[in-house]
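Asker: Next up is a structure, given as structure tokens.
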Amino acid sequence: MRARATAAILVLGLAAHGANAQSADPMPGGSDTTAPLPNSAPVDTPPAVSAPTADAPPTVEPSAPPTYSPPAFYEPPPPPTSPTPHGFHMPPWSIRVDPFNLLLDGRLGFELEAGVTSFISVELVPIFVVNSKPPTLNFSSIDNPVRQESNGLGALAGSSIDVGFWLSGHVLEGYVIRAMFQNYGYAYKTVDSGHDYDRLEHTDRVLMAMFGSNSRWGAFTIAGGLGLGVDLNHQERCFTDADAAAATPTTIPRPTGHGCGDLQLLDSSGNRFGVQGWAYPVVLDVRFSLGVSFD
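All residue numbers for the sequence shown refer to the numbering used here, where the first residue is 922 and numbers rise by one.
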């Protein structure tokens, strides 16, 4: 009885083992009975990370830097543009007249000045002879026969030019040192009984240094200066006593004298008149002028 039971158990175990083998192996020539589920997504395989070794640390791929996206309302600034070239700029300038030179010497000068840098200016002073009998030429007597006139273009006797160096660092204001060259042509004559008697012509070519100043109240300007120079065109015209004694209303003697240091004229009575002054060829120039200045 026990032997039969043991034999039955063995038969059942062999049968179960055969059934399992048939279900695990597919049938020859058949297809795999296990099919993927419909609409199923493939599963991503994670990247392989190399295992660290004892000699080198694990390799990590660098990540790209984050990019900045400006807000929607941000407007970038306009690109830089090249500076626009400036047009002509009027430099500082001034125009002045010397009323005392006009009243005393009979010469009207226009002082025309403009700045070329912040502390350097250039000045032109054309002079016009407007009075033939000024007080300074006839101070010895009221009936002085000496007259003056321009020896240039009409009433224009010539012009001076100078360069001014402004000690204040600003042109047309404060103290100034001028380096000047004057070129003025004059003619002098004596008049006898309404007729020209003696005549001489001379061109003043004076090299001068002047110290001056300008004071301003808005556009109004008062300028002054004191100059000392020398006439490069130094000439003498001297009459001796014998020359003066030989003068007649119809005869003008030649000047034969020397050393008088002046330019002399003679009248028909034998009187001598100097037109340059006692310090000639040294020239002393005094200015006091009024005008306007603009920056």
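Every residue gets a Cβ at the ideal spot worked out from N, C-alpha and C, and that includes glycine.
The structure presented is a predicted model; accordingly, all values stated were derived computationally and were not measured.
1) Verify whether the separation of the beta carbon atoms of phenylalanine 1209 and glycine 1145 is less than 8 Å.
2) Using a 10 Å radius around the Cβ and a threshold of 16 neighbouring Cβ atoms, would you call serine 1114 buried or exposed?
3) Please report the straight-line C-alpha distance between aspartate 1188 and phenylalanine 1132, rounded to a whole angstrom.
4) Could you tell me which of Gly1191, Phe1141, Gly1150 sits nearest to aspartate 1162, measuring between CA atoms?
5) When burial is assigned at 16 or more other CB atoms within 10 Å of the CB, is valine 1018 buried or exposed?
6) Looking only at its own chain, which residues have a Cβ that is under 6 Å from the Cβ of tyrosine 1167, when we skip the five neighbours before and after it?
7) Tell me the rounded alpha-carbon separation between proline 997 and proline 987.
8) If you reduce the DSSP assignment to three classes, tell me which class proline 986 lands in.
9) Alpha carbon to alpha carbon, how far is leucine 1025 from leucine 1058?
10) Going by other Cβ atoms of all chains shown within 10 Å of its Cβ, with 16 needed for buried, is glutamine 1156 buried or exposed?
11) Would you mind working out which of Gly1212, Leu1077, Trp1199 sits nearest tryptophan 1138, comparing C-alpha positions?
12) Locate the alpha helix (DSSP H) running through phenylalanine 1209, then write down its first and last residues.
13) Report the three-state DSSP secondary structure of alanine 1078 (helix, strand or coil).
14) Between Val1067, Pro1000, Ser1071, Val1037, which lies nearest to glycine 1030 when the distance is taken from Cα to Cα?
15) Apply the 10 Å Cβ neighbour rule to leucine 1074 and answer buried if 16 or more other Cβ atoms are within range, or exposed otherwise.
16) Using C-beta distances below 7 Å, list every residue in its chain close to phenylalanine 1086, excluding the 5 sequence neighbours before and after it, in chain order.
17) Within a Cβ cutoff of 6 Å, which residues of the same chain sit near alanine 1108, ignoring the five residues on either side of it in sequence?
18) Would a C-beta distance cut-off of 8 Å place arginine 1068 and lysine 1110 closer than the cut-off?
Answerer: To lay it out plainly:
1) yes
2) exposed
3) 39 Å
4) Gly1191
5) exposed
6) Residue identity check: residue 1167 is alanine in the sequence provided, not tyrosine. Result list for alanine 1167: Pro1174, in chain order.
7) 20 Å
8) coil
9) 9 Å
10) exposed
11) Gly1212
12) Premise fails: phenylalanine 1209 lies in the beta strand (DSSP E), 1203-1215, not in any alpha helix (DSSP H).
13) strand
14) Ser1071
15) exposed
16) Phe1040, Ile1041, Val1097, Ile1098
17) Glu1070, Asn1072, Glu1122
18) yes
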